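Reading through the structure tokens given below for one structure.
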Amino acid sequence: IYDAEQGLATASDALDALGVSSEELEGKSPEQQFKILSSALADVDDASRKAALAQDIFGRAGTGMLPMLAEGSEGIAAMRKEAQELGIVFDQEAADSAAKFNDDMDRLKKSFTGVFQELGNKLIPIFVDDLIPAIKDTLVPMIQDFAEKVGNLVQWFADLNPVAQKVILAVIG
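Going by the working numbering, the first residue of the sequence shown is number 324, and it counts up by one from there.
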């Protein structure tokens with residue numbers, strides 16, 4: 324409908340073929356627009372023409388909507404009534420509940436963000452003042468010393484004569 328209002332040829336031509344003007348649809352709710360278009364499509368006898376017009380108006384979903392559109396606005400109203408009776412309609416109350424749920428989830432996420440920021444603010448000084456210096460002063464030298472000793476051992480082994488190397492390898496397995 325927007326495409327037709329903007330003068331895009333495909334949608335505008337499809338509306339013309341159905342005998343519906345974009346002015347007739349302008350200012351109406353999407354539900355009212357859908358009723359007008361479904362009634363007009365129901366009056367098209369040629370199935371391939373109907374499919375092409377539905378696709379031109381509704382896009383790729385148009386051809387998938389044809390079985391429903393074949394019922395016309397009265398049939399759609401009956402399907403809608405049945406859906407409401409079965410409780411499978413996403414009504415305003417359900418939409419409001421979903422919106423409230425989303426708002427509550429956003430608040431909960433923000434609360435957790437605040438808690439983690441607070442926790443981080445308390446832990447950062449411990450890391451900066453205690454843990455990082457301890458690692459730097461104790462663990463890093465230990466690792467460097469270990470690496471140096473392993474390097475010395477490898478060099479010692481490499482400096483041995485080949486017979487001694489074979490004996491050592493045979494002993495350690």
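Think of the CB as a built atom: it goes at the ideal place given N, C-alpha and C, for glycine as much as any other residue.
Model, not experiment: these values are computed from the prediction.
Test item: CB-CB of residue i and residue j under 8 Å
i           : j           : result
residue 376 : residue 367 : yes
residue 380 : residue 337 : yes
residue 389 : residue 374 : yes
residue 480 : residue 488 : yes
Distance between residue j and residue i (C-alpha atoms, nearest Å)
i           : j           : result
residue 451 : residue 486 : 53 Å
residue 473 : residue 454 : 27 Å
residue 422 : residue 415 : 10 Å
residue 430 : residue 346 : 44 Å
residue 460 : residue 470 : 16 Å
residue 378 : residue 362 : 16 Å
residue 407 : residue 397 : 15 Å
residue 330 : residue 439 : Any reading at residue 330 needs caution, since the residue's pLDDT is 46, under 50, leaving its predicted position unreliable; the model's value is listed next. Approximately 53 Å, taken between the alpha carbons.
residue 478 : residue 464 : 21 Å
residue 371 : residue 386 : 10 Å
residue 449 : residue 384 : 59 Å
residue 405 : residue 425 : 29 Å
residue 492 : residue 432 : 60 Å
Close-in-space but distant-in-sequence residues of the same chain around residue i (CB under 6 Å, 5 per side omitted)
i           : result
residue 443 : none
residue 495 : none
Member of the options whose CA lies at the smallest distance from the CA of residue i
i           : options               : result
residue 364 : 347, 343 and 352      : 343
residue 358 : 392, 466, 437 and 370 : 392
residue 369 : 383, 495 and 340      : 340
residue 354 : 403, 409, 386 and 372 : 403
Beta-carbon proximity list for residue i, same chain, < 8 Å, skipping 5 on both sides
i           : result
residue 326 : Caution applies to residue 326, whose pLDDT of 46 falls short of 50 and renders its modelled position unreliable; the value that the coordinates give is listed next. Contacts found: 333, 334 and 335.
residue 351 : 359
Residue-level contact to chain B via CB, residue i, 8 Å cutoff
i           : result
residue 476 : No chain B appears in the structure shown, which is made up of a single protein chain.
- Please go through the region 458 to 491 and give each complete alpha helix (DSSP H) segment of 4 or more residues, from N-terminal end onward. DSSP assignment within the region 458 to 491 yields the following whole alpha helix (DSSP H) runs of 4 residues or more, N-terminal first: 463 to 482.
- Query: Unbroken alpha helix (DSSP H) runs of length 4 or more, entirely within the region 331 to 395: which are they?
  - Reply: Counting only runs of 4+ residues, the alpha helix (DSSP H) found wholly inside the region 331 to 395 occupies 332 to 341, 345 to 348, 353 to 365, 370 to 381, 384 to 387 and 389 to 392, in chain order.
- Scan the region 391 to 458 and note each continuous alpha helix (DSSP H) run of 4 residues or more that stays entirely inside, going in chain order. Correct list: 395 to 409 and 415 to 449.
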